[in-house]
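Using the numbering used here, read the sequence shown as starting at 402 and increasing by one per residue.
Report on the following structure.
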Amino acid sequence: MKAAVLCEQPGELVIEDLVIDKPGPQEVLIQTVGAGLCHSDLHFMEGLFRTRVPAVMGHESAGIVQAVGTDVTYVEPGDPVVACLSIFCGQCRQCLSGNPHRCTNGRATSRDKEAASRLQRADGTPVDQMARLGGFAEEMLIHQNGLVKVTPDVPLEKACLIGCGVTTGFGAAVRTAKVPVGATVCVIGCGGIGLSAIQGARVAGAGRIIAVDMSTEKLDTARLMGATDTVNASEVDDVVAAVKEMTAGGVEYSFEAIGLKRTAEQAFEMLDMGGTATVIGMVPSNSKLEIRGIELLSEKKLQGSMMGSNQFRTDIPQMIDLYLNGNLLLDEMVSATISLDQINEGYEWMKAGTVARTVISFDA
Ligand SMILES: NC(=O)c1ccc[n+]([C@@H]2O[C@H](COP(=O)([O-])OP(=O)(O)OC[C@H]3O[C@@H](n4cnc5c(N)ncnc54)[C@H](O)[C@@H]3O)[C@@H](O)[C@H]2O)c1
Ligand SMILES: [Zn+2]
Ligand SMILES: [Zn+2]
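Following this line, the structure appears as structure tokens:
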């Protein structure tokens, strides 16, 4: 089966023909239908975060179950599913305390080190899977706790976006920050994650949602998603001053959805007293954020968010209901649909900042 493989860091993706194993007892083989291009893969391709190579990239995918392992009872062949990297063991302290997205027991949901790799090259070289999913591939072999069954009413080329981007952004607003009705919100960065945070804030009933980006097209899409105001960061001298002026002192909730030191600091600086900044972006591991200590005296808070603090087996079906009844916009988030072979071009568009989400359609 064809897959997009990262062979070195930094490096582009190479389309290879790989051998995929049969499902182990807890594993599910999925025929991929749609896969979204998330910026996290690009961070790895650029070498900002280390990963084992060779590895099939991709972690925002949906498809149809083809085969299941002997101990799988949750799904059966033919079921439409969305994959999510928040693979939970259901037994560790984080899982049992209601935070399965922070599961610490990855070993329980992975193959033993001595066992055959799920993916291999024809010469037997083991190939890793990004986030233990490897979603940029015609087929995925994953643990059953890394997928959720969804209604056949949802097109899988759209539902795949919920697997990472929408769950992350929407969840950051609704679950991690718990944006309340009427709140004043700012979202910095309007790619797939930021647009989803804007939608989460809108569904939560935020009174004002300020979107910040450097691209006019992104800001237009942000308005469609629910932003009430926009700031073009390439047209103002000081984003923080602009947001403070618009809100007479600062926002109650801010979100950083880019992954840069400076914009994460801006998210904190633009808060009103008592406000909460949530950094969603993956800030490179060698950068440290700087905030003025005295600002903590006014009870400002800085927090992170992992995968929108999700409980995806229940959240994703709810988000699909929101999509089907028109409250969650997914179609409008897709700027381009491509084939697997065009994946590097898709990532070039992301680097240029010209697209919201690009989706690989495996039927194309
Ligand atoms: N916390 C998590 O669990 C989690 C999950 C998924 C993704 N992420 C991270 O979220 C971040 C965003 O991902 P994405 O896929 O939406 O990326 P993206 O590239 O699609 O979007 C980033 C947006 O930021 C804008 N931008 C860039 N520099 C800017 C600046 N200085 N000021 C204002 N806007 C600027 C770009 O124009 C673009 O619209 C990435 O760092 C990704 O790794 C985190
Ligand atoms: Zn992602
Ligand atoms: Zn766990």
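Even for Gly, the Cβ is constructed at its ideal location relative to N, Cα and C.
For clarity, every value in this text was computed on a predicted model and none was experimentally measured.
Going by alpha carbons, who is nearest to residue i out of the options?
i      : options                        : result
Thr585 : Val555, Gly650, Glu539         : Gly650
Ser487 : Gly590, Thr510, Lys662         : Thr510
Asp716 : Ala484, Gly592, Cys439, Cys493 : Ala484
Ser441 : Val582, Lys579, Thr679, Met458 : Met458
Asn726 : Thr505, Gly583, Asp554         : Asp554
Phe571 : Gly601, Pro581, Glu558         : Gly601
Gly499 : Asn711, Ala517, Val415         : Asn711
Gly470 : Gly507, Glu539, Ile543         : Ile543
Ser616 : Lys403, Gly437, His444, Val756 : Val756
Asp722 : Pro527, Thr738, Ala560         : Ala560
Gly525 : Ala517, Ala532, Glu409         : Ala517
Pro527 : Gly536, Glu515, Val476         : Glu515
Val567 : Gln530, Ala753, Met402, Ile681 : Ile681
Is the distance from the Cβ of residue i to the Cβ of residue j below 8 Å?
i      : j      : result
Val594 : Ala612 : For clarity, residue 594 is Ile in the given sequence; the question names Val instead. No, Cβ-Cβ distance for Ile594 and Ala612 is not below 8 Å.
Gly676 : Thr577 : no
Val637 : Ala665 : no
Leu446 : Glu417 : Correcting the residue type first, residue 446 is Met in the shown sequence and not Leu. Not in contact: Met446 and Glu417 (Cβ atoms no closer than 8 Å).
Leu520 : Leu419 : yes
Gln467 : Leu430 : yes
Arg603 : Gly627 : yes
Ser686 : Phe450 : yes
Does at least one heavy atom of ligand 3 sit under 7 Å from the Cβ of residue i?
i      : result
Phe537 : no
Pro791 : Any property of residue 791 remains undetermined from this structure, which presents the chain solely from 402 to 765.
Asn711 : no
Gly491 : yes
Between which two residues does the alpha helix (DSSP H) containing residue i stretch?
i      : result
Phe445 : 440-446
Gly601 : 593-605
At what residues does the beta strand (DSSP E) containing residue i begin and finish?
i      : result
Tyr785 : The chain is shown only over 402 to 765; residue 785 falls outside these bounds and no answer can be derived.
Leu672 : 672-680
Could you tell me whether any non-hydrogen atom of ligand 2 is closer than 7 Å to the CB of residue i?
i      : result
Cys565 : yes
His444 : no
Glu461 : yes
Cys485 : no
Ser441 : yes
In terms of DSSP beta bridges, what is residue i paired with?
i      : result
Arg758 : Val735
Met660 : It should be pointed out that residue 660 corresponds to Gly in this sequence rather than to Met. Partner(s): none; Gly660 has no beta bridge.
Glu428 : His544
Tyr475 : Looking at the DSSP assignment, Tyr475 forms no beta bridge with any residue, so it has no partner.
Val434 : Paired residue(s): none; Val434 is not in a bridge.
Arg609 : Thr585
Asp529 : Ala456
Would the beta-carbon of residue i be found less than 7 Å away from any heavy atom of ligand 1?
i      : result
Gly682 : yes
Ser706 : yes
Ile692 : no
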